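Only one structure is covered here, and it is reproduced in the block below.
Protein chains: 2
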Amino acid sequence: MIRLKCTIAYDGSRYAGWQKQINALGIQTVIEQALYKIYGEELTAVSSGRTDAKVHAWGQVFHVDVPKDIAPDHVKQALNALLPEDIRIRKVEIVDEQFHARFSAVRKRYDYLCTFDADDPFAVRYKQILYRELNVQKMIEASQYLIGTHDFTTFASSHIHPLKPRVKTVEQIELVQENKDLRTIFVGNGFLRYQVRMMMQTLIEVGKGHLEPIAVKEMLEAKDKEACRYNAPAQGLYLMRVDYE
Amino acid sequence: MIRLKCTIAYDGSRYAGWQKQINALGIQTVIEQALYKIYGEELTAVSSGRTDAKVHAWGQVFHVDVPKDIAPDHVKQALNALLPEDIRIRKVEIVDEQFHARFSAVRKRYDYLCTFDADDPFAVRYKQILYRELNVQKMIEASQYLIGTHDFTTFASSHIHPLKPRVKTVEQIELVQENKDLRTIFVGNGFLRYQVRMMMQTLIEVGKGHLEPIAVKEMLEAKDKEACRYNAPAQGLYLMRVDYE
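So the sequences go chain by chain: A and B. Using full-length UniProt numbering, you'd call the opening residue of the first sequence number 1 and step up by one each time. Using full-length UniProt numbering, you'd call the opening residue of the second sequence number 1 and step up by one each time.
Rendered as structure tokens:
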């Protein structure tokens with residue numbers, strides 16, 4: 001048995017997220033179908049974590065245990081020949097059995113893209129459209145409250161298993177203006193379901209003047225799953241990178 | 001009667017080009033349906049020129065004669081509310097009856113996007129994917145032969161009406177590397193059907209080493225519609241701007 005680590009990019013527009021599903025097309029299903037064609041066996045692609053429907057990735061990672069010793073570059077080529085053009089394998093490496101795409105991950109980076117150009121016909125699947133300029137300075141101020149190790153119950157799906165820990169470390173939140181786009185970079189040791197999108201939309205509400213920066217601190221400290229009802233649309237979110245030891 | 005000049009952007013992926021057609025969806029049809037809902041009359045949107053299927057635009061221009069005096073900003077809002085999100089009206093202006101979107105145009109800019117990242121899942125509808133680095137220096141050298149006033153019979157569709165003049169002036173061809181992308185900017189007083197895409201793919205063949213730069217000069221001077229069989233894929237092409245006096 002050989003364990004492969006695969007780095008993968010996808011345009012999430014057409015997919016119901018990473019996970020295999022019964023009535024919708026998950027990226028995992030498409031990958032596993034391609035693996036079946038190469039290895040002739042049903043194999044399981046274990047990712048660093050799910051991405052939701054319409055979320056994109058530049059650097060998602062999965063591992064898979066394969067029964068045959070095919071050179072990693074040939075596996076990459078074969079997968080890319082079989083996969084649709086909106087899913088691309090960027091790298092295949094042989095790793096030892098200790099490596100686990102989810103449990104060995106130590107850091108993730110997500111980027112969220114907004115545009116201030118309300119008449120951008122290319123944004124609909126790739127960015128959140130904002131209809132007026134935001135106060136980015138206030139957003140930066142608010143983001144400081146989210147950095148550090150906190151219980152992020154407020155900024156997470158209410159459907160997380162009750163025993164799952166809510167404490168995560170956000171190492172970095174950076175807002176970068178690129179022409180008419182606003183890119184927000186989130187780096188942390190892991191994120192709860194919806195956490196990036198909920199933090200993002202909360203910052204946007206601050207930028208719109210609907211919330212004062214200090215309100216973000218209060219929301220966080222409430223540790224209350226009812227305290228934040230903001231959730232940024234999925235199409236602006238990109239899983240950029242997963243780091244391992 | 002009031003003549004409006006409208007500047008329009010579109011993601012051409014879903015469309016069979018600008019022109020109204022019987023068995024496929026042209027952007028013109030979508031626009032005219034929206035105009036009908038606003039003005040209650042069948043109106044004709046006259047563009048600066050066709051764009052082909054899957055070609056994009058940031059600055060296409062059309063004019064339309066409307067029977068009612070509605071403020072330009074309100075027309076823009078109403079059109080954008082009615083149009084799909086991949087077609088956006090960027091500007092509406094009142095112009096005098098001398099203005100004609102096609103005949104008054106004095107200059108056009110087209111950009112063509114290539115990427116050297118073969119594993120970019122976002123490129124399929126928006127860029128030509130190149131599987132190896134090109135010799136950009138040779139491409140620049142070759143592009144110099146295309147600049148100026150020439151008979152571009154070689155670099156044009158063979159289906160152009162025999163009486164249509166083939167002499168056009170290319171004012172500028174500029175190649176700009178942007179990270180892993182190569183943007184080629186074409187500015188001229190007008191372009192024949194397929195001219196930009198045929199010139200582009202010819203330059204790419206030079207970049208790949210399949211043609212020497214001097215061959216482009218020979219092809220151009222041949223004024224022979226059989227002399228160039230290259231045509232870059234439509235999805236990399238963007239009509240960026242149309243200038244008027």
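Glycine included, each C-beta is placed from N, C-alpha and C at the ideal position. Source: prediction; values computed, not measured.
Beta-carbon contacts of residue i that lie in its chain and below 7 Å, excluding the five residues immediately before and after
| i | result |
| --- | --- |
| A227/A | T154, M219 |
| K208/B | L134 |
| I160/B | L192, R193 |
| S158/A | K225 |
| K68/B | Y39 |
| L163/A | none |
| G49/B | R102 |
Cβ neighbours of residue i in the same chain (closer than 8 Å, five flanking residues each side left out)
| i | result |
| --- | --- |
| L25/A | R14, Y15, A16 |
| S104/B | Q98, Y244, E245 |
| E42/B | E32, Y36 |
| N80/B | R88, I89 |
| T115/B | A123, K127, Q128, I129, L130, K180, D181, L182 |
| K96/B | Lys is not the amino acid found at residue 96/B; the sequence shown has Asp there. Counting only Cβ-Cβ distances below 8 Å, and skipping sequence neighbours, we find R3. |
Short CB-CB distance (under 9 Å) between residue i and chain B
| i | result |
| --- | --- |
| P72/A | no |
| residue 246/A | Summary: the structure shown does not reach residue 246/A, with chain A confined to residues 1 through 245, and so no result is reported for it. |
| N80/A | yes |
| G131/A | Before going on, a small fix: residue 131/A reads as Tyr here, not Gly. False, the Cβ-Cβ gap to chain B never drops below 9 Å. |
| Y126/A | yes |
Beta-carbon proximity of residue i to residue j, cut-off 9 Å
| i | j | result |
| --- | --- | --- |
| R102/B | V64/B | no |
| D11/A | D119/A | no |
| A156/A | R193/A | yes |
| V124/B | Q201/B | no |
| T169/B | T184/B | no |
| N189/B | V106/B | yes |
| L239/B | T51/B | yes |
| Y39/B | V66/B | yes |
| W18/A | Q28/A | yes |
| K5/A | V92/A | yes |
| L167/A | L83/A | The amino acid at residue 167/A is misidentified as Leu; the sequence shows Val. It is not a contact, given that the beta carbons lie outside the stated cut-off. |
| L211/A | Y112/A | no |
Per-residue contacts from residue i into chain B (C-beta, under 9 Å)
| i | result |
| --- | --- |
| I89/A | D119 |
Amino acids of chain A, ordered along the chain, whose beta-carbon sits closer than 7 Å to that of residue i
| i | result |
| --- | --- |
| D11/B | P121, F122 |
Cβ distance (whole Å) where residue i is taken to contact residue j below 8 Å
| i | j | result |
| --- | --- | --- |
| V196/A | Y110/A | 5 Å |
| M2/B | I147/B | Note on residue identity: the sequence assigns Ile, not Met, to residue 2/B. With a Cβ gap of about 40 Å, I2/B and I147/B do not count as contacting. |
| A142/A | P213/A | 4 Å |
| K127/A | D73/A | Not quite, the Cβ-Cβ distance comes to about 34 Å (not below 8 Å), so this is no contact. |
| V216/B | K138/B | In fact, because the Cβ distance is near 10 Å, the residues do not count as touching under 8 Å. |
| I140/B | L175/B | 6 Å |
| I173/B | F186/B | 6 Å |
| Q177/A | V136/A | 7 Å |
Contact list for residue i against chain B, beta-carbon separation under 7 Å
| i | result |
| --- | --- |
| E32/A | Chain B residues near E32/A: none, gap ~18 Å exceeds 7 Å. |
Residue-level contact to chain A via CB, residue i, 9 Å cutoff
| i | result |
| --- | --- |
| D86/B | yes |
| Y194/B | no |
| Y110/B | no |
| H56/B | yes |
| Y244/B | no |
Residues of its chain near residue i, where Cβ-Cβ distance is below 6 Å and the 5 sequence neighbours each way are ignored
| i | result |
| --- | --- |
| R241/B | G59, R109 |
| I8/B | Q60, I89 |
| M199/A | L146, F155 |
| D117/A | K180 |
| V55/A | G12, A234, L237 |
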